[in-house]
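K.L.:
Numbering (the numbering used here), first residue to last: -13 to 294.
Quick reminder that beta carbons are idealized off the backbone N, C-alpha and C, glycines included.
Here the structure is a predicted model, which is why all the values come from computation and not from measurement.
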């Protein structure tokens, strides 16, 4: 394992801001793995740390197959993580909206430029990602339908679901999209939570990454084959939004199997406790995403359901 400083910036207080990369093996640029790019991506940071830990052990045992290089960048925004901010602390910009970056631009553009220069050219790219809304997901792999996507490769992670989605206009600045434009097979792995650590789901996620490396013959490690991934499209998910604002009283959670008519949550009046709204399922299926903030605004996406 070779540890490198990929980016360095002086800070007016505390230590310098450094982005570290960990390289394993030698040879073809096989896979780049990127962790937390937002300051609240604690689960993603934890998963990446465990990937590094496992790869150190595998390399010491000679189980990284010859001719393969692996790059892991566990964190690109611990500056914001240290002060509990989701986006870049100075100007509230999002590193994962700045790709492919600009080396003479604003700070987050420069960070994106450095990261992209390092991860471009790898055969596979894996990002430990988070959703733009607060909530929890069923663990899954997401890929954008850019024309350079491969759902069969995504199934090699062995997670329950592979989600295909059409890129939107704002996606042109994210890492996954730019990886694909530069002909890297790119995958976004969603590991349940963001700002809290769920050890069981985290282990499922880092095991899925190792399984992918095994199934693509990058490492030699015996692993369970995992799930036969169900491939679906984002537009096939049933979205349920809140029709009232108030306190969320959640009854069902991501991963729960539900039937049509099941009560998923209630929204309570914050002053009287009276039930303002009952949220019920319009279909049979599995809760793919569930909102989990205690206070809910009207017209907020509360649940996404994968139909049976």
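Residue 151 bridges to which residues according to DSSP?
P.N.:
Note: residue 151 sits in a beta bridge opposite 130.
K.L.:
Using 8 Å as the cut-off, can you tell me whether the stretch 238 to 258 makes contact with the stretch 276 to 294, which would need three or more C-beta pairs spanning the two stretches below that distance?
P.N.:
Touching, yes, given that three or more Cβ pairs across the two stretches are closer than 8 Å.
K.L.:
I'd like the span of the alpha helix (DSSP H) that includes residue 14, first residue to last.
P.N.:
Residue 14 -> not in any alpha helix (DSSP H); beta strand (DSSP E) instead, spanning 13 to 22.
K.L.:
Residue 6: which of 144, 132 and 100 sits nearest, CA to CA?
P.N.:
Minimum Cα distance to residue 6 is reached at 100.
K.L.:
Tell me, which residues are paired with residue 54 by DSSP?
P.N.:
Residue 54 is bridged to 14.
K.L.:
In whole angstroms, what separates the C-alpha of residue 189 from that of residue 33?
P.N.:
In a straight line, the C-alpha of residue 189 is about 7 Å away from that of residue 33.
K.L.:
In the DSSP output, which residue or residues are listed as bridge partners for residue 272?
P.N.:
Paired residue(s): 243 and 292.
K.L.:
DSSP three-state label for residue 182, please.
P.N.:
Residue 182 falls in the coil class under three-state DSSP.
K.L.:
Quick one: complete beta strand (DSSP E) runs, 3+ long, within the stretch 45 to 131?
P.N.:
For the stretch 45 to 131, whole beta strand (DSSP E) runs of length 3 or above, ordered along the chain, are 53 to 61, 110 to 115, 121 to 123 and 126 to 130.
K.L.:
From this set, 260, 220, 216 and 246, which residue's C-alpha is nearest residue 234's C-alpha?
P.N.:
Out of 260, 220, 216 and 246, 260 has the C-alpha closest to the C-alpha of residue 234.
K.L.:
With a threshold of 6 Å on Cβ separation, who are the neighbours of residue 168 within its own chain once the five nearest residues in sequence on each side are excluded?
P.N.:
Excluding positions up to five away in sequence, the list reads 106.
K.L.:
For residue 28, which three-state DSSP category applies?
P.N.:
Three-state DSSP puts residue 28 in a helix.
K.L.:
Do residue 82 and residue 151 have their beta-carbon atoms positioned less than 8 Å apart in this structure?
P.N.:
The answer is no: Cβ separation not under 8 Å.
K.L.:
Measure the C-alpha to C-alpha separation of residue 121 and residue 179 and round it to an integer number of angstroms.
P.N.:
Those two C-alpha atoms are separated by around 7 Å.
K.L.:
Kindly indicate which three-state DSSP category residue 174 falls into: helix, strand or coil?
P.N.:
Three-state DSSP puts residue 174 in a strand.
K.L.:
For residue 197, count neighbouring Cβ atoms within 10 angstroms of its own Cβ and tell me buried if that reaches 16, exposed if not.
P.N.:
With 16 or more other Cβ atoms within 10 Å, it is buried.
K.L.:
Starting from residue 140, trace the alpha helix (DSSP H) both ways and give me its first and last residue.
P.N.:
137 to 140 is the extent of the alpha helix (DSSP H) around residue 140.
K.L.:
Using the C-alpha atoms, what's the distance from residue 65 back to residue 193?
P.N.:
For residue 193 and residue 65, the distance between alpha carbons rounds to 28 Å.
K.L.:
Looking at the C-beta of residue 106, does it have a partner C-beta in chain B at a distance below 8 Å?
P.N.:
Although the question refers to chain B, the structure presented lacks it and comprises just one protein chain.
K.L.:
From this set, 48, 201 and 93, which residue's C-alpha is nearest residue 62's C-alpha?
P.N.:
Per the Cα distances, 93.
K.L.:
Going along the chain, which residues of its own chain have a beta-carbon closer than 6 Å to the beta-carbon of residue 299, five neighbours each way excluded?
P.N.:
Any property of residue 299 remains undetermined from this structure, which presents the chain solely from -13 to 294.
K.L.:
Skipping 5 residues on each side, what residues in its chain have a beta carbon closer than 7 Å to that of residue 89?
P.N.:
Around residue 89: 96 and 99.
K.L.:
If we call anything under 8 Å between Cβ atoms a contact, is residue 16 one with residue 56?
P.N.:
The answer is yes: Cβ separation under 8 Å.
K.L.:
Give the single residue among 127, 40 and 232 whose Cα lies nearest to the Cα of residue 274.
P.N.:
Here the closest residue by C-alpha is 127.
K.L.:
Less than 8 Å between the C-beta atoms of residue 213 and residue 144, yes or no?
P.N.:
Yes; because the gap between Cβ atoms is below 8 Å, this pair is in contact.
K.L.:
Please determine whether the Cβ atom of residue 129 lies at a distance below 7 Å from any heavy atom of the ligand GDP.
P.N.:
Ligands in the displayed structure: none, and consequently the ligand GDP is not present.
K.L.:
Quick one: residues in its chain with C-beta nearer than 7 Å to the C-beta of residue 135, no 5 flanking neighbours on either side, listed in chain order?
P.N.:
Correct list, in chain order: 129 and 166.
K.L.:
Quick check: what's the CA-CA separation for residue 102 versus residue 262?
P.N.:
Roughly 48 Å separates the two Cα atoms.
K.L.:
Output needed for residue 20: all residues of its chain with C-beta closer than 6 Å, excluding positions within five of it in sequence on either side, in chain order.
P.N.:
So the list reads 59 and 113, once near-sequence residues are dropped.
K.L.:
Once you ignore the five residues that flank residue 217 on each side, which residues in its own chain have a CB closer than 6 Å to its CB?
P.N.:
The answer, listed in chain order, is 137 and 148.
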